[in-house]
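Residue numbers (my numbering): 33 to 210. The beta-carbon is built from N, C-alpha and C at its ideal position, and this holds for glycine as well. Small disclaimer: the values here were computed from a predicted structure and weren't measured.
Here it is in structure tokens:
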């Protein structure tokens with residue numbers, strides 16, 4: 033391959049990266065606060081009663097860790113395990129990688145994640161734990177049929193900013209910008 037062809041390839045790669053960044057910037061965002069997440073988690077917990085029907089919770093790491101803690105508290109479930117599937121890099125999806133999984137087929141367990149988006153992770157969860165009760169806090173249309181329950185409908189083109197991905201910062205008053 034000549035240097036000119038290599039440069040063209042590099043330019044194409046940069047153009048694709050720029051285009052992807054522009055698409056992400058154009059997406060609608062739904063900002064979730066800690067208070068909202070707590071409230072949604074409690075709503076989901078009420079739907080999972082009676083608590084004694086569950087052997088435990090399997091949290092999908094990392095997004096399902098906080099919802100799992102909320103469910104465990106509200107349902108007084110002491111056994112919490114994890115399945116570690118990497119499919120996001122902050123603001124975009126990538127290939128799945130299974131880092132750790134809980135034993136069994138999921139019978140008697142709640143599997144919880146923060147969100148079902150395209151359904152890619154959900155398909156993997158369903159294959160790994162076919163007898164589990166799979167729940168999320170948020171559900172987008174493409175993934176919604178794959179979960180047993182969820183709390184909040186989210187448009188497919190909306191990016192969810194979870195509270196653990198954001199921080200509070202100082203913003204100048206509007207009059208200081210002029």
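Within the same chain, and ignoring the five residues on either side of residue 193 in sequence, the residues whose Cβ sits closer than 6 angstroms to its Cβ are 61, 63. Taking the Cα positions, residue 112 is about 17 angstroms away from residue 131. Cβ contact annotation for residue 96 (same chain, cutoff 7 angstroms, sequence separation greater than five): 144, 145, 146, in chain order.
Distance from the CA of residue 67 to the CA of residue 102, rounded to the nearest whole angstrom, comes to 12 angstroms.
Residue 193 is bridged by DSSP to 63.
Just measuring C-alpha positions, the residue of 158, 80, 129, 185 sitting nearest residue 105 is 80.
Residue 208 and residue 153 have their C-alpha atoms roughly 45 angstroms apart. Beta-bridge pairing by DSSP links residue 209 to no other residue.
Residue 151 and residue 202 have their C-alpha atoms roughly 36 angstroms apart.
Contact check for residue 183 and residue 75: beta-carbon distance about 5 angstroms, within the 8 angstroms limit, so the pair qualifies.
CA-CA distance, residue 70 to residue 138, rounds to 25 angstroms.
Residue 174 sits in coil when the DSSP states are folded into three classes, being neither helix nor strand. In the same chain as residue 114, and ignoring 5 residues on each side of it, the C-beta atoms closer than 6 angstroms to its own belong to 91, 93, in chain order.
Annotation: the continuous beta strand (DSSP E) that includes residue 148 extends over 141-148.
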